[in-house]
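Report on the structure given below.
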Amino acid sequence: FFKRFPIHLADDIEPTAEDLTKVDDQAPDPEIEHPNEDELDAVEYQKKIAEFEADEARINYRKKVSEGTCIVVL
Numbered sequence: 001f002f003k004r005f006p007i008h009l010a011d012d013i014e015p016t017a018e019d020l021t022k023v024d025d026q027a028p029d030p031e032i033e034h035p036n037e038d039e040l041d042a043v044e045y046q047k048k049i050a051e052f053e054a055d056e057a058r059i060n061y062r063k064k065v066s067e068g069t070c071i072v073v074l
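Following full-length UniProt numbering, the numbering of the sequence shown begins with 1 at its first residue and continues without gaps.
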């Protein structure tokens, strides 16, 4: 799913035909890595943590929508 609908693609945007032809179903699914505090300064770490948490929230939201356990109001 996330190969065709990357986590940073807005929920109201469909991938293009060109994007879909680039999908390699044999490749492993992309992993979201937790930022390493030891490798970043405090400001950059906080920025990366915020991005990481936003990505996790998007993933959880999309899982709930796909399972039918989340109501989407337009």
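Where is the CB? At the ideal position from N, CA and C, for every residue including glycine.
Just to confirm the assignment: which complete beta strand (DSSP E) runs, minimum length 3, are found wholly within the segment 34-65? none
CB-CB length for I13 against I59, believed under 8 Å: The pair is not a contact, with the Cβ atoms about 17 Å apart (cut-off 8 Å).
Would you check if the segment 62-69 and the segment 33-48 touch, i.e. whether three or more CB-CB distances between them fall below 8 Å? no
Assuming N29 contacts F2 (C-beta within less than 8 Å), just tell me the rounded distance between them. With the sequence shown as reference, residue 29 is identified as Asp, and Asn is not the correct amino acid for it. Contact holds; Cβ gap of about 6 Å.
Compare the C-alpha of A27 against each of L9, R4, E33, A10 and name the closest. R4
L9 - containing alpha helix (DSSP H), residue span: It is not in any alpha helix (DSSP H) - L9 carries neither H nor E in the DSSP assignment.
Residue span of the alpha helix (DSSP H) that contains D29, given as start and end: Taken as a continuous stretch (DSSP letters only), D29 belongs to no alpha helix (DSSP H), as it is neither H nor E.
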